Ligand code: CA
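Take a look at the structure:
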């Protein structure tokens, strides 16, 4: 990198320091450590709460030759709030500790605490769900507030972590909502949009919404999701209770983490502690590969250490099941591999995946980025397959663009076969080896909808303008069948299974609840769709052939035969998957007796009815045949 003005390699060589940073509490004393070789003076401020203006105690910290500042405060500081006043180049600024494990309202002050006091009853007995392979997971992407903001469902703690712990929540038709519904759907892992402290929602007021991709404190939970944002214990305890409740129902929790940038730049806690060190630059300016004004320089040793320390702390303290990395392409490969090694020492089954792209132009050379092209260099991480997504329904950047199921079948057929085969190279498919981003199906996260862009249903309504609602529903079901019956890791956005719509809003990051919320009455109104998704998930779980673990097995056990009008058959072990994306009936001459497990109307892990001879594959349908 050509950035002599911000060349920190000398700093890393001379000052890298592998101490435990942050406030380390014991009953007898709390040890405060903060790293800043550039600071001239650092003062620790202790406060009785998160509001009172003046600290009850201040201590000047001692600096060692590694740029590490330390202070040991005697006595039990459980429940005390703290900040640092950092003097750099003659200017003193007060900031929260980047290592703060909890915080007061709006994340301005850290809180020191005895972690045992944040453990809900029974916490010692809870453990992650430990899915042996990510290929056995069924992932459900969900926003904390969306889950419970709908007034047509009987949640009490609307918009809060605690809503996940409520039993017997019903919609207006008496349908069972909440976590029990998600469990019944067959979901194994709930991926929560950012649950750690973000900046854009004022925690002192009720009612505003944000996705949360504007991180402030990486190690402290978001206060607006807690019932008491002024009390640093509440947010930690309530998030732990959410996780414990999911675990008690056999579901894991995956946390969305945003280590690629920070909300603020010049005034972020990172900048106040050590200006410029934690960020990448380009021609003297902040590099903006996140599209949010900055990007974290993960390759700098103390920035990489921060990310790794943070992940390990969260995995261990919250007994999480995995992480989803926002704009993972901005994090350097070396750091990610080191993190995976450390995380697996804590939990060998930890699930790791992310977005294998950036959100703008980064100054980190491409060869160092954890982008899709370099997926083979980060083998412990899965990546969202935009190949899968765009192939099924067309580009997310052009509403009218069509994919395999909504108008452009023939053009997308080879790619469709490829993504059914987990995106790995397959000799029967016309797709170059170089275009397959992975050799391992576990690296491909297969999806047609996430929080970004139009929902799948909205996209189909736009791109199939001249089609009937019946055809749109049929295409939606095809999309679902392709997600769950393909090799790789299935992923859906919450509500996708009941035709979630955001009224065609592309980027609903700060849209009101009425756009974003799960509309729980729809689980009853569209019960037929929900059942279809349920059936597909059951098929996937019951038959390991849909979860093959290697490219070799996929090439050996999956074969293809083309039919007319873009249709084809995928032979998957003993199953035949007939995929008809056209508007005409396609006749298939069966050479044997089969049972139907899924058709245009129903999907089941048990045979629905027998077929033989001439099978008429309905327009816009996926038919799964098997022998018993
Ligand atoms: Ca916050």
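Residue numbers (the numbering used here): 8 to 635. In this text, a Cβ means the ideal position worked out from N, Cα and C, and glycines have one as well. These figures come from a predicted structure and were not determined experimentally.
Is residue i near ligand 1 - that is, is its Cβ less than 7 Å away from at least one heavy atom of it?
{"i": "residue 169", "result": "no"}
{"i": "residue 284", "result": "no"}
{"i": "residue 47", "result": "no"}
{"i": "residue 113", "result": "yes"}
{"i": "residue 206", "result": "yes"}
{"i": "residue 213", "result": "no"}
{"i": "residue 435", "result": "no"}
{"i": "residue 245", "result": "no"}
{"i": "residue 230", "result": "yes"}
{"i": "residue 1", "result": "Outside the modelled stretch of the chain, which goes from 8 to 635, sits residue 1, for which no answer is possible."}
{"i": "residue 223", "result": "yes"}
{"i": "residue 210", "result": "yes"}
Within its chain, find whatever has a CB closer than 8 Å to the CB of residue i; leave out the 5 residues flanking it on each side and keep chain order.
{"i": "residue 16", "result": "none"}
{"i": "residue 611", "result": "542, 545, 546, 604, 605"}
{"i": "residue 119", "result": "30, 32, 37, 84, 85, 86, 87, 88, 89"}
{"i": "residue 256", "result": "186, 187, 190"}
{"i": "residue 126", "result": "244, 247"}
{"i": "residue 57", "result": "88, 110, 111, 112, 115, 116, 118, 237, 239"}
Which residues does DSSP pair with residue i in a beta bridge?
{"i": "residue 288", "result": "293"}
{"i": "residue 79", "result": "38"}
{"i": "residue 183", "result": "177"}
{"i": "residue 622", "result": "595"}
{"i": "residue 472", "result": "In the DSSP output, where bridge partners are listed per residue, residue 472 has none listed."}
{"i": "residue 628", "result": "587"}
{"i": "residue 303", "result": "286"}
{"i": "residue 69", "result": "77"}
{"i": "residue 64", "result": "53"}
{"i": "residue 166", "result": "The partner list for residue 166 (beta bridge, DSSP) is empty, contrary to what the question assumes."}
{"i": "residue 389", "result": "360"}
{"i": "residue 633", "result": "602"}
Note down, in chain order, each residue of its chain lying with its Cβ closer than 6 Å to the Cβ of residue i, except the 5 sequence neighbours on either side.
{"i": "residue 276", "result": "102, 103, 105"}
{"i": "residue 376", "result": "336"}
{"i": "residue 9", "result": "Confidence at residue 9 is low in this model, with a pLDDT of 44, below 50, so its placement is unreliable and the value that follows should be read with caution. Answer for residue 9: no residue qualifies."}
{"i": "residue 558", "result": "431, 446"}
{"i": "residue 198", "result": "146, 148, 261, 331"}
What residues in its chain sit with their C-beta under 7 Å from that of residue i, if we drop five residues either side in the sequence?
{"i": "residue 468", "result": "479"}
{"i": "residue 407", "result": "469, 470"}
{"i": "residue 453", "result": "392, 395, 426, 490, 493, 495, 496, 497, 498"}
{"i": "residue 351", "result": "357"}
{"i": "residue 156", "result": "165, 166, 520, 524"}
{"i": "residue 571", "result": "593"}
{"i": "residue 643", "result": "This structure gives no information on residue 643, because the portion of the chain shown stretches from 8 to 635."}
{"i": "residue 219", "result": "200, 201, 205, 229"}
{"i": "residue 373", "result": "none"}
Buried or exposed: which applies to residue i, given that a residue is buried once 16 or more other Cβ atoms fall within 10 Å of its Cβ?
{"i": "residue 619", "result": "exposed"}
{"i": "residue 212", "result": "exposed"}
{"i": "residue 124", "result": "exposed"}
{"i": "residue 61", "result": "exposed"}
{"i": "residue 553", "result": "buried"}
{"i": "residue 171", "result": "buried"}
{"i": "residue 178", "result": "buried"}
{"i": "residue 180", "result": "exposed"}
{"i": "residue 616", "result": "exposed"}
{"i": "residue 596", "result": "exposed"}
{"i": "residue 511", "result": "exposed"}
{"i": "residue 27", "result": "exposed"}
{"i": "residue 590", "result": "exposed"}
{"i": "residue 48", "result": "exposed"}
{"i": "residue 450", "result": "buried"}
{"i": "residue 383", "result": "exposed"}
{"i": "residue 273", "result": "exposed"}
{"i": "residue 385", "result": "buried"}
Taking 7 Å as the cut-off, is the CB of residue i close to at least one heavy atom of ligand 2?
{"i": "residue 101", "result": "Of the ligands one can find in the structure shown, namely ligand 1, none is ligand 2."}
Practice task
Could you tell me which uninterrupted beta strand (DSSP E) segments, each at least 3 residues in length, are contained entirely in the stretch 12-55, listed from first to last along the chain?
Solution key: With a minimum length of 3 residues, the unbroken runs of beta strand (DSSP E) contained wholly in the stretch 12-55 fall at 29-32, 36-42, 48-54.
Practice task
Could I get the ranges of all uninterrupted alpha helix (DSSP H) runs contained in the stretch 319-386, with 4 residues as the minimum, in chain order?
Solution key: Listed in chain order, they are 340-353.
Exercise for the section: Would you list, in sequence order, the uninterrupted beta strand (DSSP E) runs of no fewer than 3 residues that lie entirely inside the stretch 186-215? Expected result: You should have 196-199.
Problem - Secondary structure, beta strand (DSSP E): runs of 3+ residues fully inside the stretch 225-276 - result: Entirely contained in the stretch 225-276, the beta strand (DSSP E) runs reaching 3 residues are, in chain order, 259-264.
Problem - Segments assigned beta strand (DSSP E), at least 3 residues, entirely inside the stretch 89-149 - result: Within the stretch 89-149, the runs of beta strand (DSSP E) at least 3 residues long that lie entirely inside it are, in chain order, 98-102, 146-149.
Practice task
At 3 residues or longer, and completely inside the stretch 396-464: list those beta strand (DSSP E) runs for me, N to C.
Solution key: The stretch 396-464 contains these whole beta strand (DSSP E) runs: 451-453.
Practice task
Please specify which runs of the alpha helix (DSSP H), each continuous and at least 4 residues long, are wholly inside the stretch 485-526, giving them in chain order.
Solution key: Note on the stretch 485-526: whole alpha helix (DSSP H) runs with a minimum of 4 residues are 520-523, in chain order.
Handout entry: Contained alpha helix (DSSP H) runs [length at least 4] in the stretch 537-615, N- to C-terminal order
Key = Residue ranges of uninterrupted alpha helix (DSSP H) with 4 or more members, entirely inside the stretch 537-615 and ordered along the chain, are 558-564.
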